[in-house]
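*Asks:* Sharing a structure below in structure tokens format, with a few things to ask.
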Amino acid sequence: MTKTTMMLFSLALVLIFSCNTSDPLDQPSTQSSPKKEKPESLNNLTEKEKQGMRLLKRRQKATQEALSVKEKNMTSPYKYLTTTDEYPIFTSLMSRSILSKHIHSAGVTVLAPVDKAFDDYPYYKELLLPINKEELDNFIAYHIIDTPLEYKEFSVGDSWTVHAGHSLSLSTKGGVNFNGAHVRSGSVNTDHGMVIGMDDLVYYPKISH
5 MTKTTMMLFS LALVLIFSCN TSDPLDQPST QSSPKKEKPE SLNNLTEKEK
55 QGMRLLKRRQ KATQEALSVK EKNMTSPYKY LTTTDEYPIF TSLMSRSILS
105 KHIHSAGVTV LAPVDKAFDD YPYYKELLLP INKEELDNFI AYHIIDTPLE
155 YKEFSVGDSW TVHAGHSLSL STKGGVNFNG AHVRSGSVNT DHGMVIGMDD
205 LVYYPKISH
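Note that my numbering has the sequence shown beginning at 5, numbered continuously upward.
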């Protein structure tokens with residue numbers, strides 16, 4: 005092998021090794037970027053800070069509920085009841101009564117029983133029968149006071165006269181009770197009257213089967 009050939013061979017080897025050996029600076033970095041620090045865990049909060057968080061959540065919930073009420077129709081007790089899902093059974097009966105117009109326009113207080121109140125009166129659907137129309141109107145009349153009353157004003161009275169014409173007693177022993185029916189705290193103020201929730205029926209009608 006000639007000296008020239010040997011030199012060419014050596015140069016070739018140098019070129020081969022230089023191509024296969026890469027500069028570490030040219031290699032993409034595989035080192036991951038430093039992790040971001042996580043925010044302090046809620047478990048590390050002081051009791052005072054936790055109480056503040058709970059208070060904030062309660063305020064947010066109250067705000068959401070207030071916005072929900074505003075979305076309902078607040079023109080009158082009738083409009084409110086027909087646009088809320090709080091008293092569906094009572095609302096279905098009220099809507100079929102001749103007194104629905106009176107509830108809408110006369111500035112009254114409606115004592116609206118929740119659905120569970122009808123558990124003790126399973127015959128309420130029969131009030132919708134034509135034969136029981138008079139008793140349906142009488143039932144609704146017992147749940148109307150012909151003046152707008154906020155809960156606080158209503159709960160300090162000794163008695164109130166309902167639209168049916170009877171004066172019914174109110175007691176505050178063991179909670180506020182009207183004619184023996186438990187009254188829920190709070191009231192809904194509409195443009196033409198009030199709505200106060202009831203856990204029981206004020207009056208149990210006698211119907212024809």
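No residue lacks a Cβ here, since even glycine has one placed at the ideal position from N, Cα and C.
Nothing here was measured: the structure is a model prediction, and the numbers come from that model.
For Ala140 versus Ala116, is the C-beta spacing smaller than 8 Å?
*Replies:* Against the sequence shown, residue 140 aligns to sequence position 136. Against the sequence shown, residue 116 aligns to sequence position 112. In the sequence under discussion, the amino acid at residue 140 is Leu, which differs from the Ala named in the question. No, the pair does not count as a contact, with Cβ atoms beyond the cut-off.
*Asks:* Kindly indicate the opening and closing residues of the beta strand (DSSP E) around Ser171.
*Replies:* Numbered from its first residue, the sequence shown carries residue 171 at position 167. That run of the beta strand (DSSP E) goes Ser171 to Ser175.
*Asks:* Pair every Cβ in the stretch 131-146 with every Cβ in the stretch 165-178, then say whether three or more of these pairs are closer than 8 Å.
*Replies:* Touching, per the Cβ criterion.
*Asks:* So what's Leu49 in DSSP terms, helix, strand or just coil?
*Replies:* Stepping through the sequence shown from its first residue, residue 49 is reached at position 45. Note: Leu49 maps to coil in three-state DSSP.
*Asks:* Under a three-way DSSP split, which group does Gly56 fall into?
*Replies:* What you label residue 56 is simply residue 52 of the sequence shown in a count that begins at 1. The answer is helix: DSSP assigns Gly56 an H, G or I state.
*Asks:* Among residues of its own chain, excluding the 5 on either side of Tyr208, which ones have a beta-carbon nearer than 7 Å to its beta-carbon?
*Replies:* Within the sequence shown, numbered from 1, the residue matching residue 208 stands at position 204. The answer, listed in chain order, is Tyr125.
*Asks:* Can you tell me where the beta strand (DSSP E) with Ser163 in it begins and where it stops?
*Replies:* As a working mapping, residue 163 is identified with position 159 in the sequence shown. Counting along the chain, the beta strand (DSSP E) containing Ser163 begins and ends at Ser163 to Thr165.
*Asks:* Of all the beta strand (DSSP E) runs that stay within the bounds of the stretch 129-168, which reach a length of 3 or more residues?
*Replies:* Taking only runs of at least 3 residues, the beta strand (DSSP E) segments lying wholly in the stretch 129-168 are 163-165.
*Asks:* Which one of His196, Glu51, Val114 and Ser159 has the shortest CA to CA distance from Ser80?
*Replies:* Working through the sequence shown from its first residue, we reach residue 80 at position 76. Cα-wise, what sits closest to Ser80 is His196.
*Asks:* Report the rounded CA-to-CA distance for Met198 versus His108, giving the unit in angstroms.
*Replies:* Taking the first residue of the sequence shown as 1, we reach residue 198 at position 194. Taking the first residue of the sequence shown as 1, we reach residue 108 at position 104. Cα to Cα, Met198 sits roughly 11 Å from His108.
*Asks:* What does a CB cutoff of less than 7 Å around Thr95 pick up in its chain, not counting 5 residues either side in sequence?
*Replies:* Locating residue 95 in the sequence shown gives position 91, counting from the first residue. Within the same chain, Thr95 has close Cβ partners Leu85 and Thr86.
*Asks:* Does the Cβ of Asp119 have 16 or more other Cβ atoms within 10 Å, making it buried, or fewer, making it exposed?
*Replies:* Numbered from 1 along the sequence shown, position 115 holds the residue referred to as residue 119. Counting Cβ neighbours within 10 Å, Asp119 comes out exposed, since fewer than 16 surround it.
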